[in-house]
Amino acid sequence: MKRNFPLALFLVAATAIGQPVLAQQIEFKGLQQDSSLPVEVAADSLAVDQTSGLATFDGNVVVVQGDMTIKAGNARVEYAADGTGIAKLYFSGRVTFAGGTEAAQADEAVYTVAAGEVVMTGDVLLTQGSTTIAGQKMVYDLQKGTGKMEGRVQTSFTPKSAAEKKAPKATPTPGAAP
Numbered sequence: 388m389k390r391n392f393p394l395a396l397f398l399v400a401a402t403a404i405g406q407p408v409l410a411q412q413i414e415f416k417g418l419q420q421d422s423s424l425p426v427e428v429a430a431d432s433l434a435v436d437q438t439s440g441l442a443t444f445d446g447n448v449v450v451v452q453g454d455m456t457i458k459a460g461n462a463r464v465e466y467a468a469d470g471t472g473i474a475k476l477y478f479s480g481r482v483t484f485a486g487g488t489e490a491a492q493a494d495e496a497v498y499t500v501a502a503g504e505v506v507m508t509g510d511v512l513l514t515q516g517s518t519t520i521a522g523q524k525m526v527y528d529l530q531k532g533t534g535k536m537e538g539r540v541q542t543s544f545t546p547k548s549a550a551e552k553k554a555p556k557a558t559p560t561p562g563a564a565p
């Protein structure tokens with residue numbers, strides 16, 4: 388694609404965000420979705436600078452694909468120096484990645500396309516159902532499906548009750564009608 392299609396390039400890159408993620412050994416399946424689904428982007432404004440290779444979405448940015456939603460104050464697209472595509476996506480203004488019952492929030496996020504890496508910084512909060520993990524920085528590798536939380540990490544989870552752990556599995560009664 389040529390640089391005169393910054394929105395189209397942004398939309399293509401945004402589809403790669405929904406890959407499996409692990410952070411502190413918690414699967415982050417809520418951001419998985421069919422990357423061939425349409426992507427919708429809404430923002431208060433869009434500015435494109437062909438000379439610098441930047442496109443900026445400002446104000447109430449909302450990116451939706453399938454069940455995944457990304458919200459941020461703004462999003463900036465940086466193109467590769469050789470003009471082959473997008474190098475990085477920068478999100479700022481209380482960024483939220485959400486899908487299903489899972490979400491990750493931070494003050495800022497940077498997605499490096501070639502490396503398949505997302506770095507979220509500043510009061511990061513990862514939630515999955517009733518489990519939460521908080522820290523100052525979360526790095527996750529979309530290609531490997533691994534993640535790491537840093538910066539005075541705190542977590543909260545609800546262990547299974549004793550009854551849930553010891554509940555016998557139902558076994559069919561011999562000779563019983565189905």
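Residue numbers (this note's numbering): 388 to 565. Virtual Cβ for every residue (Gly too), placed ideally from N, Cα, C. These figures come from a predicted structure and were not determined experimentally.
Asked                                                                                                                                                    : Found
Who are A490's beta bridge partners in DSSP?                                                                                                             : A485, T514
When burial is assigned at 16 or more other CB atoms within 10 Å of the CB, is T471 buried or exposed?                                                   : exposed
What separation, rounded to the nearest whole angstrom, lies between the Cα atoms of L578 and Y466?                                                      : Any question about residue 578 goes unanswered here, given that the chain covers just 388 to 565.
Can you check the segment 439–490 for any alpha helix (DSSP H) of at least 4 residues that lies completely inside it and give the ranges in chain order? : none
Alpha carbon to alpha carbon, what distance is there between E489 and P546?                                                                              : 18 Å
Name the two residues that bound the continuous beta strand (DSSP E) containing A434.                                                                    : 432–436
Excluding the 5 residues flanking N461 on each side, which residues of the same chain have their C-beta closer than 8 Å to its C-beta?                   : A430, T443, F444, D445, G446, V448, F478, S479, G480
How far does the beta strand (DSSP E) with T542 in it reach, from first residue to last?                                                                 : 541–543
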